[in-house]
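Q: The structure that follows is given in the form of structure tokens.
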Amino acid sequence: MNDKIPYGGDYNPEQWPQEVWDDDHRLFTRAGIDTLTVGVFSWSLTQPAEDTYDFTVLDRVVDRAAAEGRRICLATGTAALPPWLAKKYPEVNRTDFEGRRHRYGQRHNFCPSSPAYRRLATAMAGRLAERYADHPALLAWHVNNEYGGACYCDLCAHAFRGWLRERHGTLDALNDAWWTTFWSHRYTDWAEIEPPSALTEHWRGPDHTAFQGVTLDYQRFMTDALLGCFTAEKEAIRVHDPDTPVTTNLMGLYRPLDYHRWAPHLDFASWDSYPPLDAPPTRAALGHDLMRGLKDGAPFWLMEQTPSTTACRDVNPLRRPGELRLATWQAIAHGADATLYFQMRASRGACEKYHGAVIGHAGRDDTRVFREVAAVGAELADFGAVSLGARTPARTALLFDWDSWWALEISDGPSRLVRYPDVVHAYYRAAREAGADVDVVPVTTDLTRYDVVLAPVLHLIGDDLADRLETLARRGGTVLATFLTARCDVHDRAFLTDVPGPLAPLLGIRVDEWDARPRDVVQPVDLGGFRTTARLVFEIVQPRGAEPVGTYGADFYAGTPAVTRHTVGAGEAWYVATALDQPGVDHVVRRVLARHDLIGPYADHAAVETATRVAPDGTRLLFLLNHAPETAPLTAHATATDLLTGKHVDQGAPLVLDPLGVAVLRLSG
Ligand code: GLA
Ligand code: ZN
408 MNDKIPYGGD YNPEQWPQEV WDDDHRLFTR AGIDTLTVGV FSWSLTQPAE DTYDFTVLDR
468 VVDRAAAEGR RICLATGTAA LPPWLAKKYP EVNRTDFEGR RHRYGQRHNF CPSSPAYRRL
528 ATAMAGRLAE RYADHPALLA WHVNNEYGGA CYCDLCAHAF RGWLRERHGT LDALNDAWWT
588 TFWSHRYTDW AEIEPPSALT EHWRGPDHTA FQGVTLDYQR FMTDALLGCF TAEKEAIRVH
648 DPDTPVTTNL MGLYRPLDYH RWAPHLDFAS WDSYPPLDAP PTRAALGHDL MRGLKDGAPF
708 WLMEQTPSTT ACRDVNPLRR PGELRLATWQ AIAHGADATL YFQMRASRGA CEKYHGAVIG
768 HAGRDDTRVF REVAAVGAEL ADFGAVSLGA RTPARTALLF DWDSWWALEI SDGPSRLVRY
828 PDVVHAYYRA AREAGADVDV VPVTTDLTRY DVVLAPVLHL IGDDLADRLE TLARRGGTVL
888 ATFLTARCDV HDRAFLTDVP GPLAPLLGIR VDEWDARPRD VVQPVDLGGF RTTARLVFEI
948 VQPRGAEPVG TYGADFYAGT PAVTRHTVGA GEAWYVATAL DQPGVDHVVR RVLARHDLIG
1008 PYADHAAVET ATRVAPDGTR LLFLLNHAPE TAPLTAHATA TDLLTGKHVD QGAPLVLDPL
1068 GVAVLRLSG
């Protein structure tokens, strides 16, 4: 296995003449680059016509990497179609939400139900595996690239109907699940079912649907259809290569695909992190923790990040000096066992020519960005293998659920202003800034290992979750749920009981009414003396065993509970009935964590992030990340060695983090 954290990124030497390759490798060595992701967009080169395969350039790329002592992450290259393919088989081009059949152009645009695409993509994956399976440089397979989007063509409609038969069995069951008697939609033949689009159930776009049931099922179907493309390529690889791990680069909090359905099929998770540079650092961290949660806490790869700037937004700010290093260590702190860039050398033309790269158009090694990349490379070389395979010993779980995300954001009412990732992030951020390690996990996860379970806006809930949460509370754990949780079953049908449905007994409350207001309507909330504010949705809670922890301060529900706590066995179940502003969320979450002694030793330093990993040999690492541009004067909470400087620090001694500084403490004992 690896003796250090693989370091490198997407490399497209096929765009360049041989002399440039020489420069590239010279600079890679200087920057400590040992891993190259190759072939991501080379289909038109490796298969210039249907019956012609040509691997001469790829052979040279791979052999050269090996000769230079570098490993490769080999892509199947099936994300960008060659023009001949789209021309010859127009079915591979997607039909969009408006019903327009596209013609050749762009990338990430193949119809997942197209037999021609499936046949040719898997043939390519198979040929590559046959050719390179035994190559000594091969480290991993990278199938396709950033699967995403959706297609609404007739092939997809047909496949959707087949998928629905599998899921629902009978039309009666489907009619019941989608509640089709509403607006006279009872289907009497599977062929009558249309993909939900601008031509059918939707108006104003993908979030406005007359039937949530069909739209939800289409999201699940599209997730599975694209997953089918991935698994077909993986199978084609496995025919020739039984061992090398296979992944595809995911996109973190990416709404269209339920990555929890993908997770079992990935040998390891990998993802591309492009947080808006003005977002709080917990945004990127949430992506890392969600990706780590895909494989039950196993390490993942940071497959792409930019060394400096992106090129895809209206405005593309630079990473400031030191920010790249900090982001890299943040990924490692959260479980990354490889950190790679997009891209190694800037493309000369087309839409990403201004995208940040390790090597710019001038090919220099004396730029600030190159120097920072090389400094990180040297640091990773020194750091070695100590964190590889290490896991996060989190005692706090945050339940993340794509079904709930979709259902919440396609719902007409109570509010279109509630965005799932924002609420999830608010709770995640509160826990992280308090110093708790957090596993971001699917609702099916075994919860017995956690003390605290956070369930923000978990809009849909399935059969046994209420029981599992209650078991956790009874044995002393704490469950926290929020407004708009447990409203509907997995088909988005309201529960025919008091709100919040199956969680009402656990939470000890009943909700009959809710008030949704524009963003500028602010409701004062008093959390037992801590005064804060809330907005968007105000549920009116009647305690049924729970005690109020906070109350609304205005309107006709002034004085009624905004936050409640219910004692359940040895534990507690909290309910937050409104979208508290961040200080309120922080206050509530810290009270919950404090009960379990989960507030970290540096929680008073707002800009200092901490994250723990425990290596397979038991070595305990505490990552300290100073996100502020000022020094952070800390006091060491334990005796430790900083693996980045080699310095020993005694418990109680000063521990100063530089501006944007990092320490990786190996804790003694
Ligand atoms: C994605 C893709 C890359 C590149 C970058 C640009 O992550 O996978 O091919 O387009 O975005 O940021
Ligand atoms: Zn299609």
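Numbering (the working numbering), first residue to last: 408 to 1076. Yeah, the Cβ is synthetic: ideal placement off N, Cα and C, and Gly gets one too.
W708 by DSSP, collapsed to three states: which one?
A: Strand.
Q: Helix, strand or coil: which one does DSSP assign to S677?
A: Note: S677 maps to strand in three-state DSSP.
Q: Residues in its own chain within less than 6 Å of R508 by CB, not counting five upstream and five downstream?
A: Excluding sequence neighbours, R508 sits near T502.
Q: For my contact list, L1062 and V1056 are in at a C-beta cut-off of 8 Å; report their separation, rounded to the angstrom.
A: Correct: roughly 5 Å between the Cβ atoms.
Q: Closest to W921 by C-alpha separation, out of F890, G1068 and M629, would be which residue?
A: Considering only alpha carbons, the answer is F890.
Q: Nearest by alpha-carbon distance to A363: which of R775, F902, D858 and T1038 is it?
A: The requested residue 363 is not part of the displayed model; the chain covers only 408 to 1076.
Q: Give the DSSP-derived three-state secondary structure of L657 in the structure shown.
A: The answer is strand: DSSP assigns L657 an E or B state.
Q: Figure out for me which residue from Q989, V929, R951 and A764 has the closest Cα to the Cα of A961.
A: Ranking Q989, V929, R951 and A764 by Cα distance to A961 puts V929 first.
Q: Is it the case that the CB of T746 approaches a heavy atom of the ligand ZN more closely than 7 Å?
A: No.
Q: Going residue by residue through the stretch 466 to 525, where are the continuous beta strand (DSSP E) segments of at least 3 residues, counting only ones entirely within it?
A: Entirely contained in the stretch 466 to 525, the beta strand (DSSP E) runs reaching 3 residues are, in chain order, 478 to 482.
Q: From which residue to which residue does the beta strand (DSSP E) around Q422 run?
A: It is not in any beta strand (DSSP E) - Q422 carries neither H nor E in the DSSP assignment.
Q: Could you pull out every residue in the same chain whose Cβ sits closer than 7 Å to the Cβ of A941, ignoring the five residues on either side in sequence?
A: Closer than 7 Å at the Cβ level, and outside the excluded window around A941, lie Q930, V932, A969, T985, A986, L987, D988 and G991.
Q: For the beta strand (DSSP E) containing W921, name the first residue and the last one.
A: Looking at the DSSP string, the run of the beta strand (DSSP E) that includes W921 is I916 to A923.
Q: Out of A764, A705, T689 and D665, state which residue places its alpha-carbon closest to the alpha-carbon of P714.
A: The option with the nearest alpha carbon to P714 is A764.
Q: Which partner residues of L1028 appear in the DSSP bridge assignment?
A: BP columns for L1028 point to R1020 and R1073.
Q: What residue range does the alpha helix (DSSP H) around Y666 cover?
A: It spans Y666 to W669 - the alpha helix (DSSP H) in which Y666 sits, taken as one unbroken run.
Q: Suppose contacts are defined by Cβ-Cβ distances below 8 Å. Is A953 in contact with I1006 by that definition?
A: No, they are not a contact pair.
Q: Run the CB neighbour count on H768, radius 10 Å, all protein chains shown included, and call it buried at 16 or more, exposed below.
A: With fewer than 16 Cβ atoms within 10 Å of its Cβ, H768 is classed as exposed.
Q: In the DSSP output, which residue or residues are listed as bridge partners for E954?
A: BP columns for E954 point to R972.
Q: Going by CA-CA distance only, name the one from A536, A487 and R951 that's closest to F448.
A: Ranking the options by Cα distance to F448, first place goes to A487.
Q: In whole angstroms, what is the alpha-carbon distance linking D466 and D441?
A: Their Cα atoms are separated by approximately 18 Å.
Q: Could you give the uninterrupted runs of the beta strand (DSSP E) lying entirely in the stretch 811 to 851, keeping only those of 3 residues or more?
A: Listed in chain order, the complete beta strand (DSSP E) runs (minimum 3 residues) inside the stretch 811 to 851 are 845 to 848.
Q: The alpha helix (DSSP H) that contains P688, what's its start and end?
A: Looking at the DSSP string, the run of the alpha helix (DSSP H) that includes P688 is P688 to L701.
Q: Kindly give me the distance between the Cβ atoms of L1041 and V1071, rounded to whole angstroms, as I take these residues to be in contact under 8 Å.
A: So it is not a contact: roughly 14 Å between Cβ atoms.
Q: State yes or no: is the C-beta of E759 nearer than 7 Å to some heavy atom of the ligand GLA?
A: Within the cutoff, so yes.
Q: With DSSP as the reference, label A584 as helix, strand or coil.
A: Here A584 sits in helix by DSSP.
Q: Going by DSSP, name the residue or residues bridged to E979.
A: E979 is bridged to T885 and T974.
Q: What is the DSSP secondary structure of G569, counted as helix, strand or coil?
A: In the structure shown, G569 sits in a helix (DSSP, three-state: H, G or I).
Q: Can you find a heavy atom of the ligand GLA that lies under 7 Å from the Cβ of D679?
A: True, at least one ligand heavy atom lies under 7 Å from that Cβ.
Q: Excluding the 5 residues flanking R585 on each side, which residues of the same chain have their C-beta closer than 6 Å to its C-beta?
A: Sequence check: residue 585 is Trp here, not Arg. Only F618, G620 and V621 meet the Cβ criterion.
Q: Which residue comes first and which comes last in the alpha helix (DSSP H) that contains D744?
A: Run containing D744: none in the alpha helix (DSSP H); it sits in the beta strand (DSSP E), A743 to Y748.
Q: Please confirm if the stretch 691 to 702 is in contact with the stretch 853 to 867, defined as three or more CB-CB distances below 8 Å between the two stretches.
A: No contact exists between the stretch 691 to 702 and the stretch 853 to 867.
Q: Can you tell me whether C758 is buried or exposed? The criterion is at least 16 other CB atoms within 10 Å of its CB, across all chains shown.
A: It counts as exposed.
Q: Considering only the alpha carbon of each residue, which of T485, A788 and H832 lies closest to A530?
A: Selected option, being the one with the closest Cα: T485.
Q: Return the residue from the list G476, S521 and R477 that minimises the CA-CA distance to L492.
A: Closest option to L492, Cα to Cα, is S521.
Q: Between which two residues does the alpha helix (DSSP H) containing V995 stretch?
A: V995 -> alpha helix (DSSP H) spans Q989 to R1002.
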